[in-house]
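Chains as they are written, first to last, in our numbering: chain A, 1 to 95; chain B, 101 to 195; chain C, 201 to 295; chain D, 301 to 395; chain E, 401 to 495; chain F, 501 to 595; chain G, 601 to 695; chain H, 701 to 795; chain I, 801 to 895; chain J, 901 to 995.
In this text, a Cβ means the ideal position worked out from N, Cα and C, and glycines have one as well.
Number of protein chains: 10
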Amino acid sequence: MLFMVHMRVSPPVDEKGLQAFETAKEAERSYAMDLQERGVWRQLWRIAGLYENFSLFEVDSVEELHDLLENLPLRRWIDLSIHPLVRHPSRIDPL
Amino acid sequence: MLFMVHMRVSPPVDEKGLQAFETAKEAERSYAMDLQERGVWRQLWRIAGLYENFSLFEVDSVEELHDLLENLPLRRWIDLSIHPLVRHPSRIDPL
Amino acid sequence: MLFMVHMRVSPPVDEKGLQAFETAKEAERSYAMDLQERGVWRQLWRIAGLYENFSLFEVDSVEELHDLLENLPLRRWIDLSIHPLVRHPSRIDPL
Amino acid sequence: MLFMVHMRVSPPVDEKGLQAFETAKEAERSYAMDLQERGVWRQLWRIAGLYENFSLFEVDSVEELHDLLENLPLRRWIDLSIHPLVRHPSRIDPL
Amino acid sequence: MLFMVHMRVSPPVDEKGLQAFETAKEAERSYAMDLQERGVWRQLWRIAGLYENFSLFEVDSVEELHDLLENLPLRRWIDLSIHPLVRHPSRIDPL
Amino acid sequence: MLFMVHMRVSPPVDEKGLQAFETAKEAERSYAMDLQERGVWRQLWRIAGLYENFSLFEVDSVEELHDLLENLPLRRWIDLSIHPLVRHPSRIDPL
Amino acid sequence: MLFMVHMRVSPPVDEKGLQAFETAKEAERSYAMDLQERGVWRQLWRIAGLYENFSLFEVDSVEELHDLLENLPLRRWIDLSIHPLVRHPSRIDPL
Amino acid sequence: MLFMVHMRVSPPVDEKGLQAFETAKEAERSYAMDLQERGVWRQLWRIAGLYENFSLFEVDSVEELHDLLENLPLRRWIDLSIHPLVRHPSRIDPL
Amino acid sequence: MLFMVHMRVSPPVDEKGLQAFETAKEAERSYAMDLQERGVWRQLWRIAGLYENFSLFEVDSVEELHDLLENLPLRRWIDLSIHPLVRHPSRIDPL
Amino acid sequence: MLFMVHMRVSPPVDEKGLQAFETAKEAERSYAMDLQERGVWRQLWRIAGLYENFSLFEVDSVEELHDLLENLPLRRWIDLSIHPLVRHPSRIDPL
């Protein structure tokens, strides 16, 4: 199952919050790289000039997607929208 | 250059408009398949249950993207948003 | 897999459009009852006073959900939002 | 009387607020389970990947619904919308 | 049970539609007056300068409210929001 | 002159702010009851499950309404919309 | 009593509708000039580049404002917002 | 040149912020009165019940308007919208 | 005086409306080129993939801007927002 | 490649935040002037009365635009929208 997820990160503005955020950002990086290596986080694109990304996930169940997103180290600073995908009738490749 | 484009199609509701729309839809299909074969329309996903898609384009210039979108046979029934992409710092693959 | 779908129906205002709509409404009724009998359209609630409903679908795949929604006889007059569901941690029953 | 309630939880971002929130979350859990056992909170679904849920309540009066929602331990971090329900004309089961 | 309903009427702009609207408006008037006499449509206020009203309904059930609103002769030109009411803790009168 | 006022209260989330809010809430209660007794705050309904109310005011001037709202003890936590009312042409009672 | 009214005019796009609109526009002009001469429509400003205006009305009652706006010849193409005014505490002139 | 400016003031909710705000409010008052006396801030109306105003400015240049607004003592708590004005074709007075 | 204007064009969807639109588009082109040659429409950029543009106008008065925009041949299909400009304090060139 | 960027700055309201902001503002000024001298930040206009600007960037790649915006000293207080540009068909000059 494929899901496109649009993430918008809102870093805190105050110094103290920024520290907690920076620590979580390091963890997020490892988390994202590990999931990419496992083929779950299939694609990851940064939107130019913004703290936003498009992420393509391939999971075996909605539960897997849920757990994966809930455990994002930056989760509390991220606003998410989730789009389940199907094969487009004009697509030439398999999904 | 990579661009993620989100398209939302609004088919006309009246019978007459629907005919023009159906004709254009056929043309759109060939158009999309041709651009996929040429590697320009790199990815195309339908959002489940909706008349919307995410499209990933790889073009040599903004002008090429512009022409490509302006000539979509369904263009007048499509509402678009365009997101220029860069490599995400946590991405493990090249863009 | 469970999905909550919120549907908002916008009947046409003009007489001619209303006829096409009424015909489709009959077909929609059979379609909805059939899917309920098959256990796919598990729940269906009308929002009081409005032409809106909440629908709970249980499907085997996202593709099945997509086909089901695309074939709603009233589809062109319906505005949809789709929410994939997981078991809530405070839920006492299985999903 | 049946009401569909959509709840969106916004946990605080700062550490101190998070502590108060976590304590309330424990209380919320007991509260939700108790109301489910009493058949008032008839259904509870988590929306995948988000801190949101759909809740189906069966109450004897609007006042009962009001009291129940006002006393949610997490109430001050929850944004609510309430939808009174009636039987859908295409529903095959009783409400 | 008390419900505050906010109604916004959007009359058609074209001449033909206006005729159907005017006919329905006559029916709406009788309908509203009859329900007021029966004590169901307890209050009705026009918002100054706008084609909008606040309506206070007292009904025995959500179903009664639903039927009443669904049968408004002007229903297809009306946009509705419905607010179930309870006694305010600072209110000096019974509801 | 009659005005329908829709009030939405946003209590502070932090403990310290909550104390100031609770003190003001007590004052608000006396204020509201006094104005009801004087016939100025003619009606007051709580919207079920929400920290919102509809309030019907009868005042001699816009200035009186302004002063009354500006002096609400909870004013800084309240978001207001104000709707001047006239007699609805289908109303059977005097305003 | 003073009211600031913001009007946004949406002329029809089709030729036939434009004719009815143009006729009403002539009537609107006389209507506006007459009310200005009577001192009711105290001020009238066009927003540059847009089909919008700010209008300051001085009326003896909300009912008078309501009638005046309801009878605008262009009323069905106008979207209105109404703001009752009071003297600003920093104003040096009487209202 | 005439500009209508709509200002919405958002006073801080916390005690400390309120002190800075109150000090600035005093300065704002002198500032507004001075500009009125000089004929630049030609009109100033408070919107009833809200912390908002409509302000009519007559300036010699856009730069003058900019400086004037940038130096409002309450500027950091004010949200502004600016509308350049021209003479309305139905206006009987000169602008 | 400099104004940045953002224009969004909404071509009609039906065939008949499209003819009127295409005729006006030709006139728009001459109109725009003439104003560019006269130095009034100083800059004109198309937003890629969309029927929108940013236009920089240099005019002697707000009235001139108003007339210029009101006479755009495509005016009835264009939605406009207007932003008066001043020199940015960090700008190195004169405005 | 040309991009129009609309920036909206939201300075912090509290004193402590304001200090960090003022320091960054100084750095922003040098940053902006340097990029203007290098011809990358081709144009910069302040929107009158608001803490907003339109910025025209000419870059060799989307990556360059991304880096440039990410390194704005005021970045965490700025809300951005980015519009890739192409030559308008009615433009008389080269882009």
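- A Cβ-Cβ contact shorter than 8 Å links L250(C) with L480(E).
- If only complete runs of 3 or more residues are kept, the region 2-36 of chain A shows the beta strand (DSSP E) at 2-9, in order along the chain.
- Taken through DSSP and simplified to helix, strand or coil, D479(E) comes out as strand.
- DSSP, reduced to helix, strand and coil, places V762(H) within a helical segment of the structure shown.
- Only those residues of the region 880-894 of chain I whose C-beta falls short of 8 Å from the nearest C-beta of chain J are listed: H883, P884, L885, V886, R887, H888, P889, S890, R891, I892 and D893.
- Contact with chain I is absent for L156(B), since none of that chain's Cβ atoms lies less than 8 Å from the residue's Cβ.
- Judged by beta-carbon spacing, L474(E) lies within the 8 Å limit of K425(E), meaning their Cβ atoms are closer than that value.
- Under the three-state reduction of DSSP output, L674(G) falls in the coil class, being neither helix nor strand.
- In the DSSP secondary-structure assignment, L144(B) is bridged to S155(B).
- Here DSSP, grouped into helix, strand and coil, assigns L269(C) to helix.
- With its beta carbon at least 8 Å from every one in chain F, L318(D) lies outside the interface.
- Put simply, the backbone Cα of L156(B) is about 39 Å away from that of I782(H).
- Cβ-Cβ separation between S410(E) and W477(E): approximately 5 Å, consistent with a contact (criterion under 8 Å).
- Among the residues of chain E, those whose CB is under 7 Å from the CB of A248(C) are V462, L465, H466 and I482, following chain order.
- By DSSP's assignment, R591(F) forms no beta bridge with any residue.
- In chain D, no part has a C-beta under 8 Å from the C-beta of M207(C); the shortest such distance is about 10 Å.
- V913(J) reaches chain H at P712, G717, R776 and W777, counting residues in chain order whose Cβ is nearer than 8 Å.
- Remark: C-beta atoms of V840(I) and L868(I) approach each other more closely than 8 Å.
- Scanning chain D for C-beta atoms nearer than 7 Å to the C-beta of M401(E) yields V362, reported in chain order.
- Within the region 127-144 of chain B, E128, R129, A132, M133, Q136, E137 and L144 place their CB atoms closer than 8 Å to a CB of chain A, listed in sequence order.
- The residue from V913(J), H988(J), E928(J) and P984(J) with its alpha-carbon nearest to that of R891(I) is E928(J).
- If you draw a straight line from the Cα of S561(F) to the Cα of E664(G), it is about 14 Å long.
- Collapsing the DSSP output to three states places L85(A) in a strand.
- Pairing H766(H) with A948(J), the inter-Cα distance amounts to about 5 Å.
- Ranked by Cα distance from R142(B), the first of E158(B), P194(B), D134(B) and F154(B) is E158(B).
- Using beta-carbon distances, N453(E) counts as an interface residue toward chain F, with a partner under 8 Å.
- P694(G) is not a Cβ neighbour of V413(E), given a cutoff of 8 Å.
- Across the structure, A720(H) and E915(J) are spaced so that their CA atoms are roughly 9 Å apart.
- Annotation: E622(G) to E852(I) spans about 28 Å, alpha carbon to alpha carbon.
- Contact between H906(J) and F954(J) holds, since their C-beta atoms are separated by about 6 Å, short of 8 Å.
- Taken atom to atom, the span from the alpha-carbon of M533(F) to that of Q436(E) is near 28 Å.
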